[in-house]
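Chemist: In our numbering, the protein residues as written are 3 to 126. Note that CB positions come from ideal geometry on N, CA and C, so glycine has one too. Just dropping this structure here.
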């Protein structure tokens, strides 16, 4: 089993130039009015669960500014605790035919943050 996984879209983030992650991929559909009101609420409730159960790296800050352009990866050893909720977000993407990839790796470049569930990295 690989150490890390990232669920990411095929759209690039304007700040990092890297593929956006699972949360932003869904959030963009909510923001743009693509999701039905029920699905937008499902995203919101699931996102709230993550905010309560997954530590938020400090570089995101209140304005999600991410000045270092970091991306985060789940630790596969701890992902089972997040799987059910992550699958809800992936099912929303599937429902609206939004492409995404699940990337597994042992190498994640330069780590700038780590907690029990994830690491954040920047380019070397």
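1. Using beta-carbon positions only, say whether residue 8 and residue 105 come within less than 7 angstroms of one another.
2. When DSSP builds the beta bridges, which residues end up paired with residue 21?
3. Pick from 6, 3, 26: whose alpha carbon is nearest that of residue 62?
4. Under the three-state reduction of DSSP, which class applies to residue 50: helix, strand or coil?
5. Bridge partners for residue 107 per DSSP, in chain order?
6. Between the C-alpha atoms of residue 87 and residue 53, what's the straight-line distance to the nearest angstrom?
7. State buried or exposed for residue 55, treating a residue as buried only when at least 16 other CB atoms are found within 10 Å of its CB.
8. With DSSP as the reference, label residue 86 as helix, strand or coil.
9. Helix, strand or coil: how does DSSP classify residue 32 here?
10. Do residue 119 and residue 80 count as a contact pair if the criterion is CB distance below 7 angstroms?
11. Quick one, which of 93, 76, 73, 6 has its alpha-carbon nearest residue 102's?
Modeler: Let me lay it out:
1. As a first step, residue 8 is located in the chain shown; it is residue number 6 there, counting from the start. As a first step, residue 105 is located in the chain shown; it is residue number 103 there, counting from the start. Yes, these two residues count as a Cβ contact at 7 angstroms.
2. Position 19 of the chain shown holds residue 21. DSSP output for residue 21 lists 14 as bridge partner(s).
3. Residue numbering aside, residue 62 sits at position 60 when the chain shown is read from its first letter. Closest option to residue 62, Cα to Cα, is 26.
4. Translated into the one-based positions of the chain shown, residue 50 becomes position 48. The DSSP-derived three-state label of residue 50 is helix.
5. Residue 107 sits at position 105 when you count from the first residue of the chain shown. DSSP lists 6 as partners of residue 107.
6. Position 85 of the chain shown holds residue 87. Position 51 of the chain shown holds residue 53. Their backbone Cα atoms lie some 12 angstroms apart in a straight line.
7. On the chain shown, residue 55 is found 53 positions in, with the first residue counted as 1. Residue 55 is exposed by the Cβ-count criterion.
8. As a position in the chain shown, residue 86 is number 84, starting the count at 1. Three-state result, residue 86: helix.
9. Here residue 32 corresponds to residue number 30 of the chain shown, with the count starting at 1. Helix at residue 32.
10. As a first step, residue 80 must be located in the chain shown, where it is residue number 78. As a first step, residue 119 must be located in the chain shown, where it is residue number 117. Taking 7 angstroms as the Cβ cut-off, residue 80 and residue 119 qualify as a contacting pair.
11. For the purposes of this step, residue 102 is taken as residue 100 along the chain shown, with counting starting at 1. Nearest of 93, 76, 73, 6 to residue 102, Cα basis: 93.
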